[in-house]
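Protein chains in written order, with my numbering: chain A, 1 to 846; chain B, 847 to 1105. Idealized CB from N, CA, C, for every residue including glycine. Just below is one structure, and these are the notes that go with it.
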Amino acid sequence: MVTLAWRMLRQRPTSAVATFIALWFGVAVVTACGVLLESGIRYHGEAQRYAASSVLVAANDLRVVSGHGENRDVQRLALPDRGRLDAGLTAQAAALPGVQRAIADVATPTQVLAPTGTAGVDAQVHPWSAAALAPFTLRFGTAPTQGTDVVLDAATASRLNAHPGSQVRLALPDGVRTFTVSGVAAPTGAEPADLTAFLTDSQARAVSGHPGSVDVIGVIGQAGVSTKSLAHAVDGLIPDPARDATGTFPRVYTGADRGLVETPDVADARELATALPSVFGGCTILIAALVIAGTVGLSVQQRHRDIALLRAIGATPRQVRRMVVRESAVLGVLAAATGVWAGFAGVWWLRDQFVSRGMTPDSFTVHVSWLPPLVATAATVLIAVVAAWVASLRASRIHPTEALVESAVERRRGGWLRIPLGLAALGGGVAEAIAAAHLRGDDAASLALGVVATLVTAVWLLAPWLNRLVAAIAGVALRSFGVTGRLAAANSAASARRLAPVLTSLVLAVGFGGSMMFMQTSIKHRAAEQSHAGMRADYVVTPSGAGLPSGVAAALRQVPGVTATAGVVHSSVLDRKDGGLQYTAQGIDGAAGLIDLDVTSGRLADLHGDTIAVDTLTADSEHLHVGSDLHAWFADGTPTVLRVVAVYSRGLGFASTTLPPNVLASHTAGLDAMVLVSASPAAQAGVERVLDQLAPGASVLSRADYQVALDKDLTEGAWANQMVVSVLLVYVAIAAVNTLAMAAMGRRRELATLRLAGTTRTQILRMVRFEQGLLLAVGLGVGGVIAAATLMPLVKATTGTSTPYIPLTGWVSVIGATVVLGSLATFLPVRRLLRISPVEAIGIRE
Amino acid sequence: MTEQDRTDPETRVDLAVALRSVRKTYGRGNSAVQALDGVDVAFARRTFTAVMGPSGSGKSTLLHCAAGLDRPSAGHVWIGETELGQLSETELTKLRRTRIGFVFQSFNLVPALNVRENVLLPSRLARGTVDRHWLADVLRRVGLEDRLRSRPAQLSGGQQQRVAIARALAVRPEVIFCDEPTGALDSQTAAGVLDLLREAVDHDGQTVVMVTHDPVAASYADRVVFLADGAVVHDTPAPGVKAIAELLTHLGRPGVPSW
Chain A
1 MVTLAWRMLR QRPTSAVATF IALWFGVAVV TACGVLLESG IRYHGEAQRY AASSVLVAAN
61 DLRVVSGHGE NRDVQRLALP DRGRLDAGLT AQAAALPGVQ RAIADVATPT QVLAPTGTAG
121 VDAQVHPWSA AALAPFTLRF GTAPTQGTDV VLDAATASRL NAHPGSQVRL ALPDGVRTFT
181 VSGVAAPTGA EPADLTAFLT DSQARAVSGH PGSVDVIGVI GQAGVSTKSL AHAVDGLIPD
241 PARDATGTFP RVYTGADRGL VETPDVADAR ELATALPSVF GGCTILIAAL VIAGTVGLSV
301 QQRHRDIALL RAIGATPRQV RRMVVRESAV LGVLAAATGV WAGFAGVWWL RDQFVSRGMT
361 PDSFTVHVSW LPPLVATAAT VLIAVVAAWV ASLRASRIHP TEALVESAVE RRRGGWLRIP
421 LGLAALGGGV AEAIAAAHLR GDDAASLALG VVATLVTAVW LLAPWLNRLV AAIAGVALRS
481 FGVTGRLAAA NSAASARRLA PVLTSLVLAV GFGGSMMFMQ TSIKHRAAEQ SHAGMRADYV
541 VTPSGAGLPS GVAAALRQVP GVTATAGVVH SSVLDRKDGG LQYTAQGIDG AAGLIDLDVT
601 SGRLADLHGD TIAVDTLTAD SEHLHVGSDL HAWFADGTPT VLRVVAVYSR GLGFASTTLP
661 PNVLASHTAG LDAMVLVSAS PAAQAGVERV LDQLAPGASV LSRADYQVAL DKDLTEGAWA
721 NQMVVSVLLV YVAIAAVNTL AMAAMGRRRE LATLRLAGTT RTQILRMVRF EQGLLLAVGL
781 GVGGVIAAAT LMPLVKATTG TSTPYIPLTG WVSVIGATVV LGSLATFLPV RRLLRISPVE
841 AIGIRE
Chain B
847 MTEQDRTDPE TRVDLAVALR SVRKTYGRGN SAVQALDGVD VAFARRTFTA VMGPSGSGKS
907 TLLHCAAGLD RPSAGHVWIG ETELGQLSET ELTKLRRTRI GFVFQSFNLV PALNVRENVL
967 LPSRLARGTV DRHWLADVLR RVGLEDRLRS RPAQLSGGQQ QRVAIARALA VRPEVIFCDE
1027 PTGALDSQTA AGVLDLLREA VDHDGQTVVM VTHDPVAASY ADRVVFLADG AVVHDTPAPG
1087 VKAIAELLTH LGRPGVPSW
């Protein structure tokens, strides 16, 4: 039977190829999701700066404990910024038995600059004692002994052409200072991802802005002491209550986990690599299931006569079912064998994109194992087999006498079970859409994918009746177009069921594409719009490196022609009540009048001390109002209670929360993300002179240029989501083209009969055009309704207004792509069919 | 032998197929069509019977019911000793592929398979063993020994119908049902096909039941059964082409009393 199935497949290459493509793409996308997820989970970064230290202590994550007893649940969230350790812990660790040395490390972002000019190298300041943790050893010169000495790593030194005795400038949080190069060092192992400038221990701590605390403690054991016993001993230093409580506490890291400590970006990369597949994985499988079920169903439907003939000759219903199921399984395995490679290639490509866009460190690697391709293969083959089995139930009910009648007339409209199931899916989809409107951002987004999938399933189930209804209504109009219109109306009505998978794939493409694409454009548009409306500054100063020293804003205010300046700190605040939900936070002096956040209640002028202003979306979802308290953590894990003093509407364009700049700065590296300046154009030269002094390389953007740059940033920020959505969009588009082409190729006999009856080529094309127009109109209409039902609550949840923003190019691309691809997929096959002589087409080779 | 004897299951010792009080209604209510209206007919072994009648007289329905392709609304059908009404769909299918052969008007070969594979398909489906000598004999007789690797599309209509006959003969069925086997063939090719069927009866002791429009085709049969409005109206042994044509003309004209 397998050979028979294979032979019959070869006879109908269109449907076999279509099913194969649907399966292949499904395998590739699911494999890619799995590989990306596994790479993210397994990604630890690499210990280079701390390679010589077997045990590290750091406070990099936030532990959230919820529930009690059986229901107790512990979650670890990566902190947006590094947590701090008590410097006293270093001495305690050093005193432990078996410890050779315990060294405190503090990292401060900097830019190393030549004595003149603006060309600089981004690097990190570390204390010289921490050089032993790699270890870095001196190549030339001596260790730093005075406050103005610096040891550069070999890469920085060669880029600045510096050698012992040269002068360099370091842009530090408190300003630009000149140092003398005392030596050049290099690690014995691999170069760390970040370049390094070593200062004396006391100077390094002083420039960090938090001299009483350290970032990381590295412990080097005595010879013969195992890492395990060393880790155990160090762990004993961490106070007891910290083991069970919610919050940020010191934690011991050994082995590969040390990479997490060395590069905090690793946590972001992990988050990105795991979030993408988690958000889109389920939706991908749903789409694959819908696409594969549709294609397999259609391919069985088209072999109606072949199957009836086999039944007449003596194939039992069971044999027919087995043949159909095996054929799908064979195709599934073939598709998997080739598709997984495409999945791997996709993740490799994605990894390069992530790295080149700075979204993950260069050390992010694709982890290839047998698990993701196995799961993808199993899932796809399972979907294919189940889809084939369902289709085969219908196939095995095909009556043998149907082989003997001249034309295969559609008999039933569909099982009556479809109506209650379809209505249930419809109701479920509407309920989900309503629920999504009351959720916040990400949760709403993941539910939105569910809304699309549920509503498309409803369309799939109800399609036979929907098609009939539409055909009946449109038939009235079509009949006025003469004989071809009449034929088109009759065909549309008669093939209501045959067209169900075709309509479903069209609706899926339009509904999914419309909602996901315009979701992005809406958010971007709202953010740009709010930023445009709220930005009052004439100029925006942005840094070339990690940030601007905090003195820049004050210095610029002294420049003649400058009327106001305000430094803006960017960070985040984590909600203690909501399991560490992260809000974007900006620190800005609200009274400076350089931004207008459109305050709806309270006053920004009240932002002093432990206070916060929140945007309306946050206020609504967290039930906050002026006077209420927000229990939160700062980005470094410090707990706090903030009094809400104002609520404003332009959160999307700026940040969800606004805090006094000094409060936020004390929990970050202390750099300004930008400085807003209100000044006359005449002040520009003075501004640039100050920046050359304090922040070499910083750029001054006019308000208009800043908006352009922001637009680019917003686009870049949405790149990963956009890319995944595009891939899935290509998948649903291929599926739609697939089913349309299959449906068209399946009309060989019917078109031949019409031509034998005297219909001309032109008339047939005209008839197909009418039918196609009707089908595309319904697809666009229903898909559009689904997109709207998904978009409106989603846009409401993410932007606060329920009107999605759809640019003209958006309308043109969705409608244009649907019409162009849909027409090509139908007319190319139909034209091919019309080239075959009708007598041959109606004959045995059907 | 009276009509009653032929269809009595107790006495039909030598019957290949028997139908008793078979009715078949299509559709429901006002649109119901009575295709067979209480048909009693039996076909003895080693005979060649032609079933004739005007369009819509129910001959195809009779064939489908007799062959187990369709189930009658009422009445009984036997193939040999087996009553079809009691069989499940799967049992019925198994009976079809081992005890019944089919030859259809539109050839109905599987286009993906070559001649040999098409002929072997029913035995393959039944997972039965193939009698190689018998197969070789059948293929030689239909004259297609040198076209075994050809696909149906590469054959002429007459050749395709020979393949269909070979397929029917290959399993040595109890009865071969033919539905307009010569309907799509020119008269000379048709004669070759009908000779093959005649030979199967005379030479191998096969039973053939053939639905046809064509008096010439019917003249190859031992007996001709005429149907009109879903009932048997005439049953006569080998009447000859001219007599058949006359009978048909009368049957086709409404209002003319039939015998």
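query	result
Pair every Cβ in the segment 287-297 of chain A with every Cβ in the segment 946-954 of chain B, then say whether three or more of these pairs are closer than 8 Å.	no
Counting only beta-carbon atoms, is Leu915 of chain B nearer than 8 Å to chain A?	yes
Shortest alpha-carbon distance to Tyr648 of chain A belongs to which of A:Asp615, A:Leu676, A:Asp672?	A:Asp615
May I ask you to report which of helix, strand or coil DSSP gives Ile398 of chain A?	coil
Which residues bound the alpha helix (DSSP H) around Lys905 of chain B?	905-912
Measure the beta-carbon distance from Thr895 of chain B to Asp1025 of chain B and round it to whole angstroms, keeping in mind my assumption that it falls under 8 Å.	Going by Cβ atoms, the distance from Thr895 of chain B to Asp1025 of chain B rounds to 13 Å, so no, they are not a contact pair.
Using 8 Å as the cut-off, can you tell me whether the segment 799-812 of chain A makes contact with the segment 697-711 of chain A, which would need three or more C-beta pairs spanning the two stretches below that distance?	no
Taking the alpha-carbon of Pro135 of chain A as reference, which of A:Tyr253, A:Ala93, A:Thr196 has the nearest alpha-carbon?	A:Thr196
Residues of chain B with CB under 7 Å from Gln319 of chain A, in chain order?	Leu971
Any C-beta of chain B sitting closer than 8 Å to the C-beta of Ser802 of chain A?	no
At a CB distance below 8 Å, what residues from the segment 292-325 of chain A approach chain B? Give them in sequence order.	Asp306, Leu309, Leu310, Arg311, Ala312, Ile313, Gly314, Ala315, Thr316, Pro317, Arg318, Gln319
Examine the ligand FAD and report whether any of its heavy atoms sits within less than 7 Å of the Cβ of Glu927 of chain B.	As far as ligands go, the structure on display features none, and thus does not contain the ligand FAD.
Roughly how many angstroms separate the alpha carbons of Arg962 of chain B and His979 of chain B, rounded to a whole number?	14 Å
Compare the C-beta of Val1055 of chain B with all C-beta atoms of chain A and state if any pair is closer than 8 Å.	no
Along the chain, where does the alpha helix (DSSP H) containing Gly428 of chain A start, and where does it finish?	418-437
Which same chain residues end up closer than 6 Å to Ala58 of chain A when comparing Cβ atoms and leaving out the 5 residues on each side of it in sequence?	Val216, Val261
Who are the near neighbours of Leu556 of chain A in its chain, counting only those whose CB is closer than 7 Å to its CB and skipping five residues on each side?	Val562, Thr565, Val675, Val677, Val687, Val690
For a test of the three-state rule: what should DSSP assign to Phe1072 of chain B, helix, strand or coil?	strand
Tell me, please, whether the CB atom of Thr753 of chain A is closer than 8 Å to any CB atom in chain B?	no
Helix, strand or coil, according to DSSP, for Leu882 of chain B in the structure here?	strand
What residue range does the beta strand (DSSP E) around Val885 of chain A cover?	The requested residue 885 of chain A is not part of the displayed model; chain A covers only 1 to 846.
According to DSSP, which residues form a beta bridge with Ile1011 of chain B?	Note: Ile1011 of chain B sits in no beta bridge, so no partner.
Leaving out the 5 sequence neighbours to the left and right, which residues in its chain are closer than 7 Å to Thr638 of chain A when beta-carbon positions are compared?	His667
For a contact defined as C-beta to C-beta under 7 Å, what are the partners of Pro400 of chain A on chain B?	Leu915
Listed from N- to C-terminal order along the chain, which residues in the segment 959-988 of chain B have their beta-carbon within a distance smaller than 7 Å of any beta-carbon of chain A?	Leu959, Leu967, Pro968, Leu971, Ala972
What's the C-alpha gap between Gln301 of chain A and Ala1010 of chain B?	25 Å
Measure the alpha-carbon distance for Gly931 of chain B versus Pro317 of chain A and round it to whole angstroms.	18 Å
Grab me the residues of Gly117 of chain A's own chain with a C-beta within less than 8 Å of its C-beta, minus the 5 sequence neighbours each way, in chain order.	Pro696
Who are the near neighbours of Arg806 of chain A in its chain, counting only those whose CB is closer than 7 Å to its CB and skipping five residues on each side?	A small correction: the amino acid at residue 806 of chain A is Ile; Arg does not occupy that position in the sequence shown. Excluding positions up to five away in sequence, the list reads Phe518, Thr521.
Taking Pro173 of chain A and Val266 of chain A to be in contact with their CB atoms under 8 Å, please state how far apart those CB atoms are, rounded to whole angstroms.	That belief does not hold up - the Cβ atoms of Pro173 of chain A and Val266 of chain A are roughly 23 Å apart, past 8 Å.
CB Gly282 of chain A to CB Val27 of chain A, shorter than 8 Å?	no
Are the beta-carbon atoms of Phe948 of chain B and Ala496 of chain A separated by less than 8 Å?	no
Which residue or residues does DSSP assign as beta-bridge partners of Trp924 of chain B?	B:Ala864, B:Glu929
Using a Cβ-Cβ distance cut-off of 8 Å, determine whether Lys940 of chain B contacts chain A.	yes
Please return the same chain residues whose Cβ sits closer than 6 Å to the Cβ of Ala94 of chain A, not counting the five positions on each side in sequence.	Ala102
Which residues in chain A have a C-beta closer than 8 Å to the C-beta of Val863 of chain B? List them in chain order.	Those do not exist, as Val863 of chain B stays about 17 Å from chain A at its closest Cβ, beyond 8 Å.
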